[in-house]
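Below: the structure, in structure tokens.
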Ligand code: MN
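In the numbering used here, the protein residues as written are 21 to 265.
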């Protein structure tokens, strides 16, 4: 028996014949005909003090992470309303509006002063959450996937290139449900800044082009039901609108 050389990632040199085609998850890039192919989705938990408090936590803990599958992304073009299927097995679907960082350069153990060089751009995203399942799993010490990593759990606006936006360190972040304000804060209030998140996360995983990082949500998360229209925005990144169907 031969033992193959193990390597991180798919064997890209080989032209493989796949048994069936597999679509590549991707998000439009603002002001461009290009799309950003999605490799992995990382999310930061409890990264705004007031949201940590509403979840029942009160300390500045080290950042912690969970993941969603790449195909959880629902790309939504500006000026359109994305249709997102209300997920099964929940009585308490909640919205979390977040600044999403798109990675454009690979790296591990990235120093803080190098973090910006790994940023491709930014987007507005919703970390949709089956809160009832998440809390039940959390309280049992179980993984969060059923609460966080379900189908269509990551609606995302277009990615704005860093070269267009500059480094985003402050700016309003907000979300309305059916026109009523639910979340309103500023990305300057992130407990762990974007460079700190990139630095910490890259000590555990090698970041690579195509990775997305949901950086956490401010306070005001709450329940939504089928038919609700969610509109969220971040200064400089436009708005993201979805309807739950
Ligand atoms: Mn979140």
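Heads up, the beta-carbon is just placed ideally off N, CA and C, and yes, glycines get one too.
Residue i CB to nearest heavy atom of ligand 1 below 7 Å
i           : result
residue 152 : no
residue 63  : yes
residue 199 : no
residue 84  : no
residue 234 : yes
residue 74  : no
residue 237 : yes
residue 81  : no
Residues bridged to residue i [DSSP beta-bridge criterion]
i           : result
residue 142 : 121 and 180
residue 154 : Answer is none; residue 154 lacks a bridge partner.
residue 205 : 193
residue 149 : 114
DSSP-derived helix/strand/coil call for residue i
i           : result
residue 214 : helix
residue 130 : coil
residue 231 : strand
residue 273 : What the structure shows of the chain is the stretch from 21 to 265, and residue 273 is not part of that stretch, so it cannot be assessed.
residue 39  : coil
residue 46  : strand
residue 188 : coil
residue 173 : coil
residue 219 : helix
Own chain, CB closer than 6 Å to residue i, minus 5 neighbours either side, in chain order
i           : result
residue 159 : none
residue 209 : 68
residue 170 : 107
Residues of its chain near residue i, where Cβ-Cβ distance is below 7 Å and the 5 sequence neighbours each way are ignored
i           : result
residue 58  : 45, 46, 47, 90, 93, 230 and 232
residue 207 : 119, 188, 190, 191, 193 and 254
Going along the chain, which unbroken runs of the beta strand (DSSP E) with 3 or more residues stay wholly within the segment 52–114?
-> 55–57, 60–65, 84–88, 93–95 and 102–104
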